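Contents: one structure, followed by commentary.
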Amino acid sequence: MLLLGIPGALALILFHYLPLLGNVIAFQDYQPYLGFTESEWVGFSNFAFLWNGNPEFLNALWNTLILTVIQTVLVFPVPLVLALLLNSLAGERLKRLLQSVFYLPHFLSWVIVVALFQQMLGNAGMLNTFLVQHDLPVLHIIGVPDLFKALVTSQAIWKDAGWGTIIFLAAISRIDQEQYEAAAVDGATAWQRLINITLPSLKGLFILLLILRLGSSLSVGFEQIILQQGPVGIQASEVLDTWVYNNGIIGGNWGISGAVGLFKGVVGVLLVVGANKLAHAFGERGVYEK
Amino acid sequence: MTTLEQSTVAKDRVSAPARASGKRPPWMEKPNPVTQAVKFLALVICVALVVIPFWSVIATSIADQTTINAAGGGMVMWPKGVTFSSYAAVLSGGVVTRAVVISVGITVVGTLLSLAATAGLAYWLSRPNALLGKPVLMLVLGAVLFSPGLIPTYLVVKQFNLLDSWWSLILPVLVNAFNVIVMRAFFQELPQELFESAAIDGASSATILFRIVLPLSKAVMAVIGLFYAVAYWNAFFNAMLYIQSTDKWPMALVLRTYVVNQTTIGGDQVSAEVLPPQLSLQMAILVIAIVPILVVYPFLQRHFAKGVMIGAVKG
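Written as structure tokens, this is what we have:
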């Protein structure tokens, strides 16, 4: 029994826990030829970016925070709205067909999604071909720094909004139908039933998902952004993840980028714990019990 | 276990029993035509947003030069002259053909190894009183909660001399801890008396796994296997990090270079007497990357909601 499980456990130890320990490079002047053991320990000096106002770091942090806010406000509620819309349809077969269509983009990789968006909205893409054919001005959308955050946000919605409905649809299906019937008999309109029955029943789930979202709030789509960073430039597109990649893997500043990565991870854990405390304070269950 | 069962029921038919027939319950008012029209319009727009990109990518990949020229060199919605020359060019040798072979290889080998490792670990953790059961369960749960950063992971892969090796695309992602938890939950649902009687009859735990557990777990193996396969086929991030030589590129890197970054595709990359239009070649590459997903999608779809819900309830 042990023997069968060992390869899996070993894979987790070697490629998950060993790298977790490897975060010690955040406190080292890591040199690849010296390795983890021989590199010089430098205390917290790699974390200087936190207090010396490194402009590149601040830019990446700023872009990350803006994207987090946009994504939490705009992207996060879309699946709920879509789920309510789907749920309000009577036809079971139609509903299932629509679900099949909406879930599909989730299974495409970011490379494919970015390529599809380019072909649709790029300067030679479908939208602009159509506009040119009808003597309308070309819309520059892809590769424009000012529109980058909007573009990234719409891609996130396109890819995962449909998939996100699964969990809401399942929760909606567990709401006791008799509540709706009783409310309707008492004269509640469809809108009142939505506001007073459906939404309150989904509150706990919504808060749970929001807390989980907070935990990854400093990760705003590494693959998606690195793929599109070239044309729009660092200023508009650099986020913490790409900063770590560009400075560490590309630039070879192992210690500092390791420190930023660790900072990001610790903030994520603290946000989840903090948000969970807050949820408990408001009498919600949160991710884990008290 | 009631929650789990409910979610299983909710798998395909994600609506309440009262409305499963698709009929409006007697207490519900007649739909207002204006709201119906607005809803209908919203859904049509959503469907169009998903379907049109796929459609025009496929249409452009089979369009000939004249159709593309007629579209001003851009994407095509209705190809007038249909030709499969871009597919022939891309698939008869060259960088794309090699990438397809590499990606298929990584997907097949990776999925088999991942399934074996995941099932082994899940089986270990599903047995009551297994040796080291508690600490290993903590190990798996910890891996779900804490993810190591990019830099240390890269350095570990480098330390193991896996850079520029196809193993760097498999070993670091061999076991997905979340999948272990889902599979363990499934194994625990199996009738435990079967194991006990088999053990009394002298079956070793390996025999129990292969002769009893796995034959009873085809559904969960299929789901998890498909999830792994899609992840291996789509893997871009690790390929970008770890694979340096262009002759080892999987599909994702080819896609980035020739479709996203639009590097010119010439006679060195594909083999064709007359080079098809660049756009058709690019779209053919894109379609080749999408098709495997579309092929497994119906199978995935039948099961994934179940997998997601088991994870949500048990995780």
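So the protein sequences, as listed, match chains A and B. Mapping of the first sequence onto numbering that gives the first Met the number 0: position 160 corresponds to residue 159, and the numbering continues sequentially without gaps. Mapping of the second sequence onto numbering that gives the first Met the number 0: position 88 corresponds to residue 87, and the numbering continues sequentially without gaps. Think of the CB as a built atom: it goes at the ideal place given N, C-alpha and C, for glycine as much as any other residue. For clarity, every value in this text was computed on a predicted model and none was experimentally measured.
If only uninterrupted alpha helix (DSSP H) runs of at least 4 residues are considered, those enclosed by the segment 6-77 of chain A are 17-21, 34-37, 54-69. When the five nearest sequence neighbours on each side are left out, the beta carbons in the same chain lying within less than 6 Å of the beta carbon of D63(B) are those of G80, T82, in order along the chain. Separation of Q118(A) and Q261(B) (C-alpha to C-alpha, rounded to the nearest whole angstrom) is 11 Å. With its beta carbon at least 8 Å from every one in chain B, F46(A) lies outside the interface. As the crow flies, the alpha-carbon of L146(A) is around 9 Å from that of H139(A).
Taking 7 Å as the cut-off between beta carbons, the residues of the segment 108-130 of chain B near chain A are A116, T117, G119, L120, Y122, W123, R126, A129, L130, in sequence order. Chain B has no Cβ within less than 8 Å of the Cβ of Q154(A). In this structure, the beta-carbon distance from I105(B) to Y227(B) does not fall below 8 Å. Assignment of beta-bridge partners to G93(B) by DSSP yields V269(B). In its chain, beyond the 5 residues on either side, I169 have a beta carbon closer than 8 Å to the beta carbon of V108(B). Where W248(B) is concerned, there is no enclosing alpha helix (DSSP H), because DSSP gives it neither an H nor an E. The Cβ atoms of M239(B) and T59(B) lie no closer than 8 Å to each other. Nearest C-alpha to Q154(A) among E39(A), I69(A), L33(A), P230(A): I69(A). Non-local C-beta neighbours of S256(A) in its own chain, meaning closer than 7 Å and more than five positions away in sequence, comprise V243, N246, G247, ordered along the chain. Under the Cβ distance rule, R255(B) counts among the residues neighbouring chain A, one pair being separated by less than 8 Å.
Between S236(A) and Q227(A), the beta carbon gap of about 7 Å places them in contact (Cβ cut-off 8 Å). Close partners of K38(B) in chain A (Cβ separation under 7 Å): L84, S87. In the three-state reduction of the DSSP assignment, A123(A) falls in the coil class. Under a criterion of Cβ atoms nearer than 8 Å, the residues of chain A adjacent to T152(B) are, in order, F14, P18, G21. Less than 8 Å separates the beta-carbon of T197(A) from that of I174(A). Residues Q118 of the same chain have their beta carbon placed closer than 6 Å to that of G124(A), with the five preceding and five following residues left out of the count. Counting only residues of its own chain and dropping the five nearest sequence neighbours on each side, P6(A) has no CB closer than 8 Å to any other CB.
Counted as a single uninterrupted DSSP element, the alpha helix (DSSP H) harbouring G161(A) occupies residues 147-172. Distance from the Cα of L90(B) is smallest, within the candidate group I289(B), F298(B), S270(B), P275(B), for S270(B). Going by C-alpha positions, V23(A) is about 8 Å away from F35(A). Contact check for V295(B) and L225(B): beta-carbon distance about 6 Å, within the 8 Å limit, so the pair qualifies.
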